[in-house]
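Last residue of the sequence shown? That's 220 in the working numbering, and every number before it is there in order. Virtual Cβ for every residue (Gly too), placed ideally from N, Cα, C. Please read the structure below before turning to the comments.
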Amino acid sequence: GAPKTSARRALEVTLAREGVFRVGGDVSPEEIKEAMDLLARLDQAMTCQFGMKSLVGPYQLYLFKDSNSYEEFCVNRLGEKPCSVYGFFQGNRLIMNYGTGSGTLIHEAVHAYIQENLGACPIWFNEGFASLYECSSFEDGGIEGHVNWRLSRLQAAIRNQTTLPLGRLADLSNAEFYGTGSDLHYAQSRYLMYHLQEMGRLGLLFKAMHERDPARDPSG
Numbered sequence: 001g002a003p004k005t006s007a008r009r010a011l012e013v014t015l016a017r018e019g020v021f022r023v024g025g026d027v028s029p030e031e032i033k034e035a036m037d038l039l040a041r042l043d044q045a046m047t048c049q050f051g052m053k054s055l056v057g058p059y060q061l062y063l064f065k066d067s068n069s070y071e072e073f074c075v076n077r078l079g080e081k082p083c084s085v086y087g088f089f090q091g092n093r094l095i096m097n098y099g100t101g102s103g104t105l106i107h108e109a110v111h112a113y114i115q116e117n118l119g120a121c122p123i124w125f126n127e128g129f130a131s132l133y134e135c136s137s138f139e140d141g142g143i144e145g146h147v148n149w150r151l152s153r154l155q156a157a158i159r160n161q162t163t164l165p166l167g168r169l170a171d172l173s174n175a176e177f178y179g180t181g182s183d184l185h186y187a188q189s190r191y192l193m194y195h196l197q198e199m200g201r202l203g204l205l206f207k208a209m210h211e212r213d214p215a216r217d218p219s220g
């Protein structure tokens, strides 16, 4: 059946233009400025490091201070509970619980760059590339992903010999990737990207993904 809506008055959200983004939510003006500064640095990294084009948009960016207002907005405005406790990217909207940290903003914004620069691409690459930068730092105009909480999930799977062969990981459909075992799918995809970054080969993978023929190589 249809999801139940909150008995409280729907959270009022007004969108204000910030470049290619129309920003709304219930965070402070200082947090909005912080978010815009991060997105400006991300744009420099994506364009300089990977040769991407800047976002054209427009995008709607919703930043909420905690899980309560984030979930309330999704239920009342979108008609269902959010698919993630952190945030998600959907069409031209980035909606997130900003209380979980700025890494969520970077992750979801990277999806927008992939959408505009690569179009449809395999889910392992899309989520692996975006996940790499959910824990990252900006250096010399570029961006570098760091080890994060997903590593322990991958290490446990390695110990238990339950990792997926990379060919199988690449062949997962969107439904399979986000279904049972999604935490491992994210972890494997992210740390494949991390390994290539540390080997200095991530740019080569991005170039290959950009130049591939999706009809002949759907899995990348």
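In this chain, the beta strand (DSSP E) harbouring TYR62 covers 59 to 64.
Sixteen is the threshold: since fewer than 16 other Cβ atoms of the shown chains lie within 10 Å of the Cβ of ARG159, the residue is exposed. The three-state reading of DSSP puts GLN161 in coil, since its state is none of H, G, I, E or B.
When the Cα atoms are used, GLN197 and SER137 turn out to be separated by approximately 13 angstroms.
Taking a cut-off of 8 angstroms on C-beta distances, the segment 19 to 26 touches the segment 53 to 66, as three or more cross pairs fall below it. Judged by DSSP in its simplified three-state form, ASN97 adopts strand. In this model, THR14 and ASP217 are separated by some 43 angstroms (Cα to Cα).
Cα atoms of LEU202 and GLY220: separation of roughly 14 angstroms, rounded to the nearest angstrom.
Going by C-alpha positions, GLY145 is about 12 angstroms away from LEU42.
Secondary structure at ALA35: helix, using DSSP grouped into helix, strand and coil. Contact check between the segment 64 to 72 and the segment 92 to 101: three or more CB pairs, one atom from each, fall below 8 angstroms, which counts as touching. The three-state secondary structure of GLU211, taken from DSSP, is helix. Annotation: the continuous beta strand (DSSP E) that includes GLU144 extends over 142 to 145. Contact between the segment 78 to 92 and the segment 188 to 196 is not established, with fewer than three Cβ pairs separated by less than 8 angstroms. Looking at the backbone, the Cα of GLU34 and that of THR104 are separated by about 13 angstroms. The C-beta distance from LEU184 to ARG153 rounds to 6 angstroms, short enough to meet the 8 angstroms contact threshold. Following the DSSP letters along the chain, one finds SER137 in no alpha helix (DSSP H) but inside the beta strand (DSSP E) bounded by residues 136 to 139. For GLU18, the uninterrupted beta strand (DSSP E) segment begins and ends at 16 to 18. For ARG201, no beta strand (DSSP E) encloses it, and the DSSP letter there is neither H nor E. Around LEU164, the same chain offers no residue with a beta carbon nearer than 6 angstroms, after the five sequence neighbours per side are excluded. Rounded to the nearest whole angstrom, the CA to CA distance from PRO82 to CYS74 is 6 angstroms.
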